[in-house]
Structures are given as structure tokens and as C-alpha cells.
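Residue numbers (my numbering): 12 to 262.
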Ligand SMILES: Nc1ncnc2c1ncn2[C@@H]1O[C@H](COP(=O)(O)OP(=O)(O)O)[C@@H](O)[C@H]1O
Ligand SMILES: [Mg+2]
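Right under this line is the structure:
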């Protein structure tokens, strides 16, 4: 089977700081992988290498089995990587439809903005994919009025709509209410339903456990272990995490 994404022996140093050491990581087709690990474990650094933001000090990155050298942010995007950050920049003063199509507007046959089609498409995405049920929300609503969870939804739907193959969520539930968090978790399930792959980072083990097919535990820049969630209970996973934090190993 061909992986959608594979990292081979990736290391990353920031001067004297060894952020990642010999990371081997795979993301399958239509797989959601959860990344777990303490603060400073290297999770965000790993993500920044995948998104082309950082160049690795050593190692190889493969997309769909093909090695990619000198990955940059635009190149990663071209390869189908989209990131949803908590602080994801939405244009707060702009309408929902503008935000969905920001930078990738649809034109009509005359080369003019096809506003009607963009609004229609936004309405369809809202009801079918974003699960927006509030009658207060329409394609013309300004996103500055949305809840944190709704804003995340906009970012995820945008990623899905524009054919991202790999959607990365780095601590997306930070600062969200319980209800918004639940919604976000459902968005991640939608990614899976849409046949895409995702990497999901959250400090809450329960969140990760409830959406991930597989969990990869990073400890001090190294892969400490990985588990299929179907093979392990939440309790067992929690106990393993405690053991890793205490001893640096699962044994
Ligand atoms: N740009 C940087 N310059 C120097 N050190 C960094 C930089 N980014 C991350 N680090 C260090 O690398 C390690 C891993 O950080 P990070 O990937 O942010 O961890 P996590 O996301 O798991 O909390 C930490 O020791 C952090 O201080
Ligand atoms: Mg981080």
C-alpha cells in the first residue's frame, strides 16, 4: 500500500536544540492519525516540516511514494496539504462566502466574479458540510460574529472544498467551548468521510482517541510508540502516556 505521506529518518535541530531525532512517520490514504506528546515534544515542529515551513536537518519526505526535496509552503499546498490553526486567519470583517473563496474566487464566462455561484456554493457547504443550523448564519454573515467553533468549521470546509488531501489540525480545540469542541470533532469525522487524511494534535487524549484511527506518541523528539485505537482502550492509552512521561518508554 502506498502512503499519502511518509517521513523517513527526519531530524530537526535548532542550533543546539534537538527538536526531532530520526522520526519515521506514515499517514495512510483516508487515515486520521493523532499526535500525542507533552509540551515541547516536537509535535508542531513535525507539522511545520510537513507544511514546508521548516526544512529538516536530515531525512526524507515522500508524498504518494515520491520523494520531495526542498519542500516549501506553496509546494506543500500544491501537494494537497492544508493546515487549520486555532488562530487561523479569517477575514473577520468579510462575509462567509468571501472567506470561503478568499484567494480562489470563482469567475463567470466574462471573467467577472461569479458572486451568485459563490453564495450558492457557500449555502450548500454550510448546510451539508459545516452543519450550521443557526438561522442567524447565512452566506452574507460576517465571520467576525461567529463562534470559535464556527470559525474552525469555515477553515475546515475551505480545506475540504479545495481538494486538500491532507488536513492538519494543530491544537484546534484550544479555547473552544465544550459544544464547539464537539462540533470540531465532528468536522474531523467529516474529513474522514470525505475520503481525505488528517493529522490531529490535541493535548486532550480523549479528543484524539475519539477521532483517530492511529495514535503516534512523540516524546522528546522521538516516536515513543504507536497504536491503532481499535486495539487499545482509552484507559490503556492513558496509562501508557503516564508511563512514557515518567520513564520515556512504554515498557
Ligand atoms: N523556531 C525554533 N527555534 C528554536 N527552538 C525551537 C523552535 N521551534 C521549536 N523549538 C524547540 O523545539 C522543541 C519542540 O517544540 P514544538 O515542536 O513546538 O513542541 P510541541 O508542539 O510538541 O509542544 C522545543 O524544545 C522547542 O523549544
Ligand atoms: Mg505545539
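Virtual Cβ for every residue (Gly too), placed ideally from N, Cα, C.
Contact test: residue i Cβ vs ligand 1 heavy atom, cutoff 6 Å
i, result
"residue 52", "yes"
"residue 25", "yes"
"residue 55", "yes"
"residue 28", "yes"
"residue 76", "no"
"residue 63", "no"
"residue 48", "yes"
Three-state secondary structure assigned by DSSP to residue i
i, result
"residue 199", "helix"
"residue 115", "coil"
"residue 20", "strand"
"residue 72", "strand"
"residue 128", "helix"
"residue 155", "helix"
"residue 35", "strand"
"residue 224", "coil"
"residue 230", "strand"
"residue 56", "helix"
"residue 239", "strand"
"residue 255", "helix"
Sub-7 Å separation of residue i and residue j beta-carbons
i, j, result
"residue 232", "residue 31", "yes"
"residue 47", "residue 16", "no"
"residue 93", "residue 178", "yes"
"residue 57", "residue 74", "no"
"residue 33", "residue 20", "yes"
"residue 155", "residue 195", "no"
"residue 13", "residue 114", "no"
"residue 133", "residue 171", "no"
"residue 63", "residue 219", "no"
"residue 24", "residue 83", "no"
"residue 70", "residue 22", "yes"
Beta-carbon separation (whole angstroms), residue i vs residue j, contact threshold 8 Å
i, j, result
"residue 211", "residue 228", "Residue 211 to residue 228, Cβ: 14 Å. No contact."
"residue 230", "residue 52", "6 Å"
Paired residues, beta bridge with residue i - DSSP
i, result
"residue 169", "None; residue 169 has no bridge partner."
"residue 208", "177"
"residue 29", "24"
"residue 77", "74"
Interface flag, residue i vs chain C, CB-CB below 7 Å
i, result
"residue 177", "Absent from the structure: chain C. Only one protein chain is present."
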